[in-house]
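A.B. asks: This is the structure I want to talk about, given as structure tokens.
Set out below in structure tokens:
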């Protein structure tokens, strides 16, 4: 009953996510949300088997991509060059710095064929940037071409997938309710403030103008600039607010053709159905995540969450248990529940008042402790397999033609966390992708396995009391407990004050949320470089669910 009443998005596994650089073979191409990429996971290979495990990724939506790449980053102080894809290197330092240049950055872009319209620019700040506040200034930037023509842009990504325009309204509404769509939207929201997409509909960029910026020509030696002139680069000037120092702008990394990706593997299966109720196992090598689509022999989409009262259409129901025979997964879950029951309700068993029963319970507890240790060593225990219960319309029963085409996703949860940047991604079941220019730009974070029974209870309490909205301090505490689970010690909420990022506003009242993490968990987060992620993630998710006009601040602290 608890599982039925708790929203699936609160209890299901979460895919790890990151930013990846993807280039197309063609001058302009499109990356589908069903394109797949793989890499070898060296981090957890010893826990899985003697060989490395393939980790799968897919884009969070369809994106436009091209071959443009940033080669140089120029400021009044330094000239940087990208040589190893992810990090830039200083190739020259300007000793004659002038103060009238201002907070400006010039980007030298190579491989520009016709247009930069729709090109994504991704900004990555160092971990030392306080609360990643520099991203809030991207909306105040001004973009200019080499001939000082303004370039229009939009914050975030290009518009949502154009292919949705051809879908019926009921299918689009159904997609918004799925766990896959919910997490994709959440991941896009997490990275959105780091992206700017050029529009350039008026073609303000002169792609035949290969001249270098004046600051490069005036303050840098000719033996350095002459080779750059011959590289056929398109230069774009970005003017940041004057109160941002050039030193701070130089800590940013600038990229093109970057997209958010999530740890998901797409399965596509064809099932032949009989005349009666069909039970179809959705088998995966990892954890089942969500249904992508179901279609019948006529190509009509089947909505698994809305059963038809009339017997005119194929209907399907997704079940997570109680269908297949008892197997090792059910045995594993049963032992876990028994251990948790004895741990939580040991006092109730002792109240029987019989020494014999108490002694037997102690002996049983010792046996269960051995079972628990054995289960902790067994890291290859698979999740229970969900099943589709499908019933056919009368016309298909009469004609005897009945096939079902099912696409569904699987994820590897927390085992996909911690993959380092600059790791090559191997295209899998894709076309038009440049194999040599596909790699991770950020560390993979955010992956989670299915919640345990105690954590599902917390999720049920949170859903029942707050309806996934944050109004009171208790809602904030329950949300933090849901996200951090056993790593959380306590949450303290107080009123605070800060200097606003916008200098024209002065001081601003804040709601300060101090989250105390248990010592071992805090050390683990620090070693995996996850503290910044958790701080940013919790802040964005709380702001999304709250209607408060007072800004929040998150402080992660180690419990001593």
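Residue numbers (UniProt numbering): 1 to 560.
C-beta atoms are modelled at their ideal positions from N, C-alpha and C, and glycine is treated no differently.
Only a predicted model underlies this, so the values are computations on that prediction, with no experimental measurement involved.
Give the range of the alpha helix (DSSP H) segment to which residue 543 is assigned.
C.D. replies: Segment 531–545, the alpha helix (DSSP H) holding residue 543.
A.B. asks: So what's residue 246 in DSSP terms, helix, strand or just coil?
C.D. replies: Helix.
A.B. asks: Starting from residue 471, trace the alpha helix (DSSP H) both ways and give me its first and last residue.
C.D. replies: Segment: none, residue 471 is in no alpha helix (DSSP H) and carries neither H nor E.
A.B. asks: When DSSP labels each residue in this structure, what does residue 553 get in the three-state scheme?
C.D. replies: Residue state, collapsed to three classes: strand.
A.B. asks: Determine the closest residue to residue 15 out of 510, 457, 446, with distance taken between C-alpha atoms.
C.D. replies: It is 446 whose Cα lies nearest to the Cα of residue 15.
A.B. asks: When you compare the CB positions of residue 155 and residue 133, do they come within less than 8 Å of one another, or not?
C.D. replies: In this structure, residue 133 does not lie closer than 8 Å to residue 155 by Cβ.
A.B. asks: Pull up the CB-CB distance for residue 318 and residue 386, whole angstroms please, since I reckon it's below 8 Å.
C.D. replies: So it is a contact: roughly 6 Å between Cβ atoms.
A.B. asks: Should the stretch 59–76 be regarded as contacting the stretch 267–274, the criterion being three or more beta carbon pairs within less than 8 Å?
C.D. replies: No contact exists between the stretch 59–76 and the stretch 267–274.
A.B. asks: From residue 23 to residue 106, what distance separates their C-alpha atoms?
C.D. replies: Computed Cα separation, rounded: 22 Å.
A.B. asks: How would you write the range of the alpha helix (DSSP H) that residue 564 sits in, first residue to last?
C.D. replies: Given that the chain is displayed from residue 1 to residue 560, the structure contains no residue 564 and the question cannot be resolved.
A.B. asks: Using DSSP with H/G/I as helix, E/B as strand and the rest coil, what is residue 437?
C.D. replies: Helix.
A.B. asks: Suppose contacts are defined by Cβ-Cβ distances below 8 Å. Is residue 109 in contact with residue 225 by that definition?
C.D. replies: No, they are not a contact pair.
A.B. asks: What number of angstroms, rounded off, separates the C-alpha of residue 491 from the C-alpha of residue 57?
C.D. replies: When rounded, the distance between both Cα atoms is 34 Å.
A.B. asks: From this set, 541, 7, 11, 96, which residue's C-alpha is nearest residue 217's C-alpha?
C.D. replies: It is 96 whose Cα lies nearest to the Cα of residue 217.
A.B. asks: Classify residue 219 as buried or exposed, calling it buried when 16 or more other Cβ atoms lie within 10 Å of its own Cβ.
C.D. replies: Result: buried.
A.B. asks: Thinking residue 124 and residue 441 are a contact (beta carbons under 8 Å), I'd like their distance in whole angstroms, please.
C.D. replies: Correct: roughly 7 Å between the Cβ atoms.
A.B. asks: Taking 7 Å as the line, does the beta carbon of residue 146 fall inside it for any heavy atom of the ligand MN?
C.D. replies: Annotation note on the ligand MN: not contained in the displayed structure, which lists no ligands.
A.B. asks: Could you say which of 489, 471, 421, 527 lies nearest to residue 552 if we only look at CA atoms?
C.D. replies: Cα-wise, what sits closest to residue 552 is 471.
A.B. asks: Output the distance between the C-alpha atoms of residue 429 and residue 35, rounded to the nearest integer angstrom.
C.D. replies: Cα to Cα, the separation comes out at about 7 Å.
A.B. asks: May I ask you to report which of helix, strand or coil DSSP gives residue 453?
C.D. replies: Residue 453 falls in the helix class under three-state DSSP.
A.B. asks: Considering only their Cβ atoms, is the gap separating residue 444 from residue 487 smaller than 8 Å?
C.D. replies: Not closer than 8 Å, so no.
A.B. asks: When you compare the CB positions of residue 465 and residue 478, do they come within less than 8 Å of one another, or not?
C.D. replies: In this structure, residue 478 lies closer than 8 Å to residue 465 by Cβ.
A.B. asks: Nearest by alpha-carbon distance to residue 620: which of 157, 79, 337 is it?
C.D. replies: No answer is possible for residue 620: it lies beyond the span of the chain, which begins at 1 and ends at 560.
A.B. asks: Considering Cα atoms alone, identify which of 41, 29, 475, 301 is closest to residue 419.
C.D. replies: Here the closest residue by C-alpha is 41.
A.B. asks: Suppose you measure from the CA of residue 239 to the CA of residue 150; what does that come to, to the nearest Å?
C.D. replies: Approximately 11 Å, taken between the alpha carbons.
A.B. asks: For residue 423, does the three-state DSSP call read helix, strand or coil?
C.D. replies: Three-state result, residue 423: coil.
A.B. asks: When you compare each of 221, 20, 512, 501 to residue 495 by their alpha carbons, which one comes out closest?
C.D. replies: It is 512.
A.B. asks: Taking the CB atoms as reference points, tell me whether residue 135 and residue 199 lie closer together than 8 Å.
C.D. replies: No, the pair does not count as a contact, with Cβ atoms beyond the cut-off.
A.B. asks: How close, in whole Å, do the beta carbons of residue 409 and residue 180 come, if the pair is a contact with beta carbons under 8 Å?
C.D. replies: About 6 Å; that satisfies the 8 Å criterion.
A.B. asks: For residue 554 and residue 531, which I take to be in contact (beta-carbon distance under 8 Å), what is that distance rounded to the nearest angstrom?
C.D. replies: Their Cβ separation, rounded to whole angstroms, is 11 Å, which puts residue 554 and residue 531 out of contact at 8 Å.
A.B. asks: In angstroms, rounded to a whole number, what distance separates the CA positions of residue 126 and residue 506?
C.D. replies: About 25 Å.
A.B. asks: Out of 141, 278, 121, which has the shortest C-alpha to C-alpha gap to residue 196?
C.D. replies: Among 141, 278, 121, the Cα nearest to that of residue 196 is on 121.
A.B. asks: Can you tell me whether residue 498 is helix, strand or coil according to DSSP?
C.D. replies: Looking at residue 498 - three-state DSSP - the assignment turns out to be strand.
A.B. asks: What does the Cβ neighbour count give for residue 191, buried or exposed, with the cut at 16 atoms within 10 Å?
C.D. replies: Flag for residue 191 reads buried.
A.B. asks: Does residue 57 come out as helix, strand or coil in the three-state DSSP assignment?
C.D. replies: Reduced to three states, the DSSP call for residue 57 is strand.
A.B. asks: Less than 8 Å between the C-beta atoms of residue 39 and residue 390, yes or no?
C.D. replies: Cβ atoms of residue 39 and residue 390: not closer than 8 Å.
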